[in-house]
Amino acid sequence: MITNLITNITVKDTCEGFVYNELEGKGLFGLSGKLTIQPEYQRNYIYASDGGKKEIAVIESVLKGYPIGLIYLNKVSIDKLEVLDGQQRITSLGRFVTDKFAIKDENGMEQYFSGMAKDKQNKILKTPLLIYECEGAESEIKEWFKTINIAGVPLVPQELLNAIYSGPFVTLGKEEFSNSQNANIQKWSVYIKGSANRQAFFERALDWVSKGNIDDYMSRHRKDTNIKELKTYFSSVIDWVSSIFTDVESEMCGLEWGRLYEEYHKKSYDPAKVSKVVQKLYGDPYVKNRKGIFEYILGGSIDTKLLDVRVFDEATKRSVYASQTKIAKAKDKSNCSHCAMGHDANKSKIWSFNEMDADHVSAWSKGGATDPNNCEMLCKTHNRAKGNR
Ligand SMILES: [Zn+2]
Numbered sequence: 007m008i009t010n011l012i013t014n015i016t017v018k019d020t021c022e023g024f025v026y027n028e029l030e031g032k033g034l035f036g037l038s039g040k041l042t043i044q045p046e047y048q049r050n051y052i053y054a055s056d057g058g059k060k061e062i063a064v065i066e067s068v069l070k071g072y073p074i075g076l077i078y079l080n081k082v083s084i085d086k087l088e089v090l091d092g093q094q095r096i097t098s099l100g101r102f103v104t105d106k107f108a109i110k111d112e113n114g115m116e117q118y119f120s121g122m123a124k125d126k127q128n129k130i131l132k133t134p135l136l137i138y139e140c141e142g143a144e145s146e147i148k149e150w151f152k153t154i155n156i157a158g159v160p161l162v163p164q165e166l167l168n169a170i171y172s173g174p175f176v177t178l179g180k181e182e183f184s185n186s187q188n189a190n191i192q193k194w195s196v197y198i199k200g201s202a203n204r205q206a207f208f209e210r211a212l213d214w215v216s217k218g219n220i221d222d223y224m225s226r227h228r229k230d231t232n233i234k235e236l237k238t239y240f241s242s243v244i245d246w247v248s249s250i251f252t253d254v255e256s257e258m259c260g261l262e263w264g265r266l267y268e269e270y271h272k273k274s275y276d277p278a279k280v281s282k283v284v285q286k287l288y289g290d291p292y293v294k295n296r297k298g299i300f301e302y303i304l305g306g307s308i309d310t311k312l313l314d315v316r317v318f319d320e321a322t323k324r325s326v327y328a329s330q331t332k333i334a335k336a337k338d339k340s341n342c343s344h345c346a347m348g349h350d351a352n353k354s355k356i357w358s359f360n361e362m363d364a365d366h367v368s369a370w371s372k373g374g375a376t377d378p379n380n381c382e383m384l385c386k387t388h389n390r391a392k393g394n395r
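For my numbering, add 6 to where a residue sits in the sequence shown, where the first one is 1.
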């Protein structure tokens with residue numbers, strides 16, 4: 007399938023020759039007849055239902071200069087296109103410019119397109135739409151269309167966001183973060199995966215400063231002529247990590263440093279001590295998830311779940327289960343020591359092997375080894391209640 011990003015088609019172009027079928031509730035054609043808005047596999051127009059809130063929202067977004075998202079068109083032949091995704095939005099635009107519904111103005115008065123001030127009309131008409139034109143076999147397109155519909159709004163890569171919000175802010179941001187000649191890139195690469203020219207660092211910087219709302223942040227700062235806040239926040243995160251964790255480990259790359267910074271930057275750490283703990287955990291054969299080491303330490307070395315500590319092997323569990331169960335049966339008590347101490351019906355219950363899990367008698371985090379002498383089988387409920395200490 008070939009895809010092409012098109013950014014020069016405006017609302018005006020799209021609504022040229024717009025036909026709306028009132029009877030069937032369908033927007034039919036646009037782009038001077040070249041575009042079929044509702045191919046048979048598309049659902050009917052639903053933005054007008056629910057009091058038309060959604061179609062009004064589309065127009066208000068355009069008036070405010072907010073993006074209304076990507077539109078996917080399928081190129082059927084040289085001058086024939088079909089809407090794959092975006093039917094509702096295009097129909098809202100078409101219906102509005104043909105006076106099929108009104109929005110409310112600043113004073114709460116109903117306003118139809120034809121009654122609007124010229125500059126507002128132009129603002130709508132001249133807004134470019136962000137269009138992905140796809141070309142491929144029908145089966146391929148339909149398969150893909152299903153994917154868009156199931157997954158909802160497809161994730162917009164940073165390159166596309168840069169196109170949507172192009173302006174001084176993006177230009178400055180790319181100069182700083184997407185320039186492979188920037189001497190800092192080597193340092194950043196310890197913590198951030200990806201490459202400068204695929205926008206990995208720009209994306210991460212935006213993700214951190216916006217707490218995950220890149221789209222919104224870019225839209226608000228689109229016209230900014232400086233990237234001070236972005237740069238400052240980014241360096242704060244990088245400086246913070248690199249001052250606490252003085253060792254460079256490959257597992258540091260790609261962690262959620264922005265979130266960790268927000269969560270822990272007000273706590274103080276002794277880098278020398280931190281380094282010792284890092285080394286110790288790296289040398290511990292029971293630690294299965296080394297990526298979790300950093301958050302584990304930041305959180306005060308409590309949450310061992312982050313480390314995914316290696317559990318007892320099958321043979322050990324089986325043999326501990328067998329001896330535990332034998333003793334329990336002889337005493338007419340449950341083979342889960344916690345159940346046996348209780349007063350309910352489970353106090354003499356013999357659990358099957360599959361109903362139990364292995365537990366460290368002396369907690370791993372307190373130095374308890376993962377060997378048979380430190381293994382006890384508990385029923386799943388009690389094992390979970392005890393937690394992964
Ligand atoms: Zn139990």
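All residues carry an ideal CB built from backbone N, CA and C; glycine is no exception.
May I ask whether a heavy atom of ligand 1 can be found less than 6 Å away from the beta carbon of H388? yes
Beta carbon of H344: closer than 6 Å to some heavy atom of ligand 1? yes
**Request:** Report the partner residues of L135 according to the DSSP bridge assignment.
**Result:** I15
*Determine, using beta carbons only, whether D213 comes closer than 7 Å to chain B.*
The chain inventory of the structure shown lacks chain B, comprising one protein chain alone.
- Task: Might you give, ordered along the chain, the residues of its own chain that have their beta carbon closer than 8 Å to the beta carbon of N352, omitting 5 neighbours on each side?
- Result: If we look at N352 and ignore the five residues flanking it on each side, its Cβ neighbours are S340, C342, C345 and C385.
Report all residues from its chain with a CB closer than 8 Å to the CB of S249; omit the five preceding and five following residues, and keep chain order. P277
*Candidates D290, R95 and E61: closest to Q44 by CA position*: Among D290, R95 and E61, the Cα nearest to that of Q44 belongs to R95.
Is any non-hydrogen atom of ligand 1 found closer than 6 Å to the C-beta of C385, if you look at the structure I gave you? yes
Discussion item. Among F175, E61, N203 and G264, whose alpha-carbon lies nearest the alpha-carbon of Q187?
Written reply: N203
TODO: Report yes if the C-beta distance between L76 and Y138 is below 7 Å; otherwise report no.
DONE: yes
- Buried or exposed by the 16-neighbour rule on C-beta atoms within 10 Å, applied to V25: exposed
Determine, using beta carbons only, whether D314 and K294 come nearer to each other than 7 Å. Their beta carbons are under 7 Å apart, which means D314 touches K294 by this criterion.
| Beta-carbon spacing of A369, M383 below 7 Å | no
message = Rounding to the nearest angstrom, what Cα-Cα distance links W214 and N27 in this structure?
response = 46 Å
Item to complete: Using alpha carbons as the reference points, say which of S216, K217, F183 and G218 lies closest to S201.
Response: F183
When the Cα atoms are used, what is the spatial distance from Y239 to A211? For Y239 and A211, the distance between alpha carbons rounds to 8 Å.
- prompt: Can the beta-carbon of V243 be found closer than 7 Å to that of G264?
  reply: yes
Check your understanding: Using the C-alpha atoms, what's the distance from F119 back to G408?
Key -> No answer is possible for residue 408: the residues shown for the chain start at 7 and end at 395.
Handout entry: 6 Å CB neighbourhood of V159 in its chain, flanking five on each side removed
Key = Because the pLDDT at V159 is just 46, under 50, the model does not fix this residue reliably, and the point stays unresolved.
- Message: For a quick check, are the C-beta atoms of L69 and C21 less than 7 Å apart?
- Response: No; because the gap between Cβ atoms is not below 7 Å, this pair is not in contact.
Rounded to whole angstroms, what is the Cα-Cα separation between V284 and S241?
Answer to the nearest angstrom: the Cα atoms are 23 Å apart.
Residue range of the alpha helix (DSSP H) that I299 falls in?
I299 to L304
Margin query: In whole angstroms, give me the CA-to-CA distance for N394 and H366.
Written below: A caution first: N394 carries a pLDDT of 47, below 50, which makes its placement in the model too unreliable to give a value.
### Message
Please classify E269 as buried or exposed, where buried requires at least 16 other C-beta atoms within 10 Å of its C-beta.
### Response
exposed
- C-alpha gap between H227 and F175, whole angstroms: 7 Å
Item to complete: Consult DSSP for G114 and reduce its assignment to one of helix, strand or coil.
Response: coil
Outcome for E61 when other beta-carbon atoms lying within 10 angstroms are tallied against a minimum of 16: buried
Residues in the same chain with beta-carbon distance under 7 Å from A391, minus the five sequence neighbours each way, listed in chain order, please. none
- Please classify T42: is it buried, with 16 or more other beta-carbons within 10 angstroms of its beta-carbon, or exposed? buried
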